[in-house]
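Trainee:
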Amino acid sequence: MNTPLSQLGTLSVRDFLTDYWQKKAIFLPRVLPDFRSPLSPDEIAGLALEEDIESRLIINTDDAPWQLENGPFNEERFAQLPASDWSLLVNAVDHWVPEITDLLRLFRFIPNWRLDDIMVSYAPTGGSVGPHFDYYDVFLIQAEGERHWQLGQMCDSQTALQEGTNLKILRDFTTASEHTAKPGDILYIPPGVAHWGKALDDQCVTYSIGFRAPSHADILGDFAQEQASHLSNDRRFTDPDLSPAQEPGLIDQHTLTKLKSIILQHLDEPALADWFGRYMSTPKEAGDEYDWHPLSPQEQEKLNENNPWIEASPASRFCYHLHNEQKASLFIDGHEYTCNATLAAELSNHTRWRWQSLFDVTATADEQTLLYELLARGALLELDYAN
0 MNTPLSQLGT LSVRDFLTDY WQKKAIFLPR VLPDFRSPLS PDEIAGLALE
50 EDIESRLIIN TDDAPWQLEN GPFNEERFAQ LPASDWSLLV NAVDHWVPEI
100 TDLLRLFRFI PNWRLDDIMV SYAPTGGSVG PHFDYYDVFL IQAEGERHWQ
150 LGQMCDSQTA LQEGTNLKIL RDFTTASEHT AKPGDILYIP PGVAHWGKAL
200 DDQCVTYSIG FRAPSHADIL GDFAQEQASH LSNDRRFTDP DLSPAQEPGL
250 IDQHTLTKLK SIILQHLDEP ALADWFGRYM STPKEAGDEY DWHPLSPQEQ
300 EKLNENNPWI EASPASRFCY HLHNEQKASL FIDGHEYTCN ATLAAELSNH
350 TRWRWQSLFD VTATADEQTL LYELLARGAL LELDYAN
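Just so we're aligned: the sequence shown equals residues 0 to 386 in numbering that gives the first Met the number 0.
1) Need the endpoints of the alpha helix (DSSP H) that S280 sits in, please.
2) Can you have a look at P130 and say buried or exposed, based on whether 16 or more other CB atoms are within 10 angstroms of its CB?
3) Hey, how far is the Cα of R465 from the Cα of L166?
4) With DSSP collapsed to three states, give me the class of N73.
5) May I ask you to report which of helix, strand or coil DSSP gives A285?
6) Determine, using beta-carbon pairs with one atom in the stretch 247-256 and one in the stretch 294-309, whether at least three such pairs fall under 8 Å.
7) Start and end of the beta strand (DSSP E) containing A397?
8) In terms of DSSP beta bridges, what is G196 paired with?
9) With the cut-off set at 8 Å, would you say R113 and R13 are in Cβ contact?
10) Mind checking A227: buried by the 16 CB within 10 Å criterion, or exposed?
11) V204 and E143: beta carbons closer than 8 Å?
12) G45 lies in the alpha helix (DSSP H); which residues open and close that run?
13) Please say whether A47 and T124 have beta carbons closer to each other than 8 Å?
14) What residue range is occupied by the uninterrupted beta strand (DSSP E) comprising F15?
15) Tell me which residue opens and which closes the beta strand (DSSP E) that R353 is part of.
16) Where does A343 land, buried or exposed, given buried means 16+ other C-beta within 10 angstroms?
17) What number of angstroms, rounded off, separates the C-alpha of A285 from the C-alpha of A91?
18) Give the C-beta separation of W58 and D41 to the nearest angstrom, bearing in mind that I take them to be a contact with Cβ-Cβ under 8 Å.
19) Evaluate the contact criterion for the stretch 351-366 versus the stretch 324-343: three or more CB pairs, one atom per stretch, below 8 Å.
20) Which of the three DSSP states, helix, strand or coil, is assigned to N386?
21) Please look up how many angstroms separate the CB atoms of L87 and A44, rounded, as I've assumed it's under 8 Å.
22) With C-beta atoms as the reference, is Y19 less than 8 Å away from Y134?
23) For D184, which of helix, strand or coil comes out of DSSP?
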């Protein structure tokens, strides 16, 4: 299940991207007819008990509609839940379950740096997260049971929301189309489209593949902050060609042109590419830095002798930017490395290798050291098997 999809049912990926991606929603039946959830409802609940895993409960009652509880939970809380009308959501399950990592890789026809993670939801009959919209694209994959979907109007930050809940639940919902998703069906929803799914039975498991979509405010703010951090206080606005002011209160066009020039001189493409690679490869979760120790010479020798299978960690993000045909910047988990273009492409475009085949792509001792470092940090994982 490591090869990206070329078809979404009867629709080719190329036609999907041309006609639907970021344009309109589409229900895609039987795209993955053999897919079944790698996680049972009990296993999903088990993940929600873990301190390091983000989870949520959404409970809807007449007296308290759309109430949110954040995990981790305990078994006693689950024992208290009603028989219906609640949903359990667990984020980033692809970081913990290898079979779900394989599912994510089916969607690598979208660039790596756009992929976010996979969230799983379990709901008994009537369970839902409520009518809402997202600012990002999402593929909703039905894995077990059935879910009824309603698609609604286009929404934005001005759309009215319900009061009395911490969730962004739409106050009004206008149904435009309806679909019943069965195992293997996929619903694609672009940003801004209102949607509302309800479990039709007690076995409803749905996987949600989300995509990163930084806001313009995030892009401008983070890039400007990084650029500013490299500038000394000596770099200032200057106007040695100043003429006598006839209207001293006027900000004239000459001043605006100079300001624009100051901004544009820091907006060169290499700086933008380097910032973007670091920004989009940085994990969402804070605290990605941890103590690690370099591999010993004995460990390095064992790797070279055993030639094990190596896999990219599902928790790590790889992407790259070409300087030219020979040289590239490689971005991994917010870190930037300079290496040969072939190595950068191999690490970013594939997910599993024999150690020796990866080692053979290195061109320098520094690049070999980089591979050892990535293994020591956990961005690359040594496997005991080959699939």
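Note that the Cβ used here is the ideal one computed from N, Cα and C, for glycine as well.
Mentor: This is what the structure holds:
1) 268-280
2) buried
3) Past the boundaries of the shown model lies residue 465; the chain is included only from 0 to 386, so the question cannot be answered.
4) coil
5) Note that A285 scores 46 on pLDDT, short of 50, meaning its location in the model is unreliable and no value can be drawn from it.
6) no
7) This structure cannot settle anything about residue 397, because the visible part of the chain is limited to 0 through 386.
8) W148
9) no
10) exposed
11) yes
12) 40-46
13) no
14) First-last for F15: 12-18, but that is the alpha helix (DSSP H), not the beta strand (DSSP E).
15) 351-353
16) buried
17) With a pLDDT of 46 at A285, under the threshold of 50, the modelled position of that residue is not reliable, and the figure given next carries that caveat. If I take the Cα positions, the gap works out to 14 Å.
18) What sits at residue 58 in the sequence shown is Ile, not Trp. The Cβ separation is near 19 Å, so there is no contact.
19) yes
20) Any reading at N386 must be qualified, since the residue scores a pLDDT of 49, below 50, and its modelled position is unreliable; the value itself is stated next. Note: N386 maps to coil in three-state DSSP.
21) 7 Å
22) no
23) coil
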